[in-house]
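Residue numbers (the numbering used here), protein chains in the order written: chain A, 6 to 154; chain B, 6 to 154. In this text, a Cβ means the ideal position worked out from N, Cα and C, and glycines have one as well. Computed from a predicted model, the values in this text were never measured in an experiment.
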DNA sequence: TATTTATTGTTGCACAAGCAGATACCACGC
DNA sequence: GCGTGGTATCTGCTTGTGCAACAATAAATA
């Protein structure tokens, strides 16, 4: 029974580490993006996701999944960005329930301005996390995920 | 310059993966803990953190760090839990600005009831994440963090 | 075709979060 | 002792979030 309990505890500890690192990075991104581009982290996430999407458009529900947000929060998030002229809603031709969101020129522009801030803050946050013993192993593991060997 | 750009992109991708896994796990925990114990994830985190603390008491600011929450949010979080009788505030004797929070008997009881739900949900969420190609490597890496070799 | 069932997105409501400002307290220098 | 600066916590206000209920459209079935 010790072995099973250990697995539970190992998972719990892994989750706490994950949550702690996530919280640290998100707080720093939140502050810097807000200061430099008047964007929250989710807002940046939306713009970034759209920019990496073929054709630069996504449906509401995809967006909700990409941001881990509820459908209603996504609606309002898109409202905010649309009001600022950073993206537009486009009615789906083939499925008239669906709505595509697409970056506008100024959306792309703002994203390009914000990206250096985002990247620099991320680098700094990871460096800080590196200094915290509990977080360092996870920070080391991250870059190895998608670039094996 | 390609090398430097690559590092930036690797970090960004690592962060997206981390955020995605975090979001997935947190949503599931939120639902199950709310359903089984009327606790949000942060509320559970507070009770759990207190239970793993020597002497079972922590100061507000420690709690704020442990939950990655602002000071004001921590105040209200502790208010809620105190109103439900799950913990108590104890004035600090040596530093009269400070306030200790300590689990009550019913706080301990609720935590013990919620823990199995938490652990089972965590296991299930990680199993689900394992099925998602982008997340699987991170899920595999987690248990190796604190149990090297 | 008509009727049910499922999917997609939006709105009303209640609640939790952050920021800025206020209060109480400690610590240091004079 | 007395001010000055820094720390710990709480409160008012605004904003973003989730849930439940809803409207509109598509898909399935009879």
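Residue 96 of chain B counts as exposed, since fewer than 16 other C-beta atoms from the protein chains shown sit within 10 angstroms of its C-beta. For residue 140 of chain B, there is no enclosing alpha helix (DSSP H), as DSSP gives it neither H nor E. Near chain B, meaning a CB-to-CB distance below 7 Å, the residues of the stretch 121-135 of chain A are 124, 127, 128, 131. Within the stretch 20-45 of chain A, the residues whose Cβ lies closer than 9 Å to any Cβ of chain B are, in chain order, 20, 21, 22, 23, 24, 25, 26, 27, 28, 29, 30, 31, 32, 34.
With the criterion set as a beta carbon lying under 9 Å from some beta carbon of chain B, the stretch 87-113 of chain A has no members that meet it. Taking the Cα positions, residue 28 of chain A is about 16 Å away from residue 136 of chain A.
Per DSSP, residue 109 of chain A lies in no beta strand (DSSP E) segment and is marked neither H nor E.
For a Cβ distance threshold of 7 Å, residue set 151 of chain B lies close to residue 18 of chain A, ordered along the chain. For residue 13 of chain B, a Cβ of chain A is located within less than 8 Å of the residue's own Cβ. DSSP places residue 64 of chain A in the uninterrupted beta strand (DSSP E) bounded by 62-64. Ranked by how close their Cα comes to the Cα of residue 47 of chain B, the residues B:15, B:133, B:80 have B:80 in first place. Look at residue 96 of chain B here: in three-state DSSP terms it is strand. Scanning B:41, B:119, B:61, B:145 for the CA closest to the CA of residue 109 of chain B turns up B:61.
Within the same chain, Cβ atoms closer than 6 Å to the Cβ of residue 143 of chain B are found at 22, 26, the five residues on either side in sequence being excluded. DSSP links residue 30 of chain A through a beta bridge to no other residue. Chain order gives no chain A residues near residue 82 of chain B, where near means a beta carbon separation below 8 Å; the closest approach is about 14 Å.
Membership of residue 85 of chain A in the alpha helix (DSSP H) is indicated by the continuous run 76-88.
Annotated as proximal: residue 34 of chain A and residue 127 of chain A, with beta-carbon spacing under 8 Å. For residue 78 of chain B, none of the residues of chain A pass the 9 Å Cβ criterion, the least Cβ distance being about 12 Å. The residues 50, 51, 54, 63, in chain order, have a CB closer than 8 Å to that of residue 71 of chain A in the same chain once the five nearest residues on each side in sequence are set aside.
Taking C-beta atoms under 8 Å as the contact rule, residue 150 of chain B and residue 19 of chain A qualify, at a distance of about 6 Å. For residue 146 of chain B, a Cβ of chain A is located within less than 8 Å of the residue's own Cβ. By the neighbour-count criterion, in which 16 or more other beta carbons inside 10 Å mark a residue as buried, residue 125 of chain A falls on the exposed side. The beta-carbon of residue 69 of chain B is placed no less than 8 Å from the nearest beta-carbon of chain A. For residue 55 of chain B, no CB of chain A lies under 8 Å from its own CB, so it is not counted at the interface with that chain.
Taking a beta-carbon distance threshold of 8 Å, residue 73 of chain A counts as an interface residue toward chain B. Between residue 106 of chain B and residue 41 of chain B, the C-beta gap is not smaller than 8 Å, which leaves the two residues out of contact. The Cβ atoms of residue 92 of chain A and residue 112 of chain A lie closer than 8 Å to each other.
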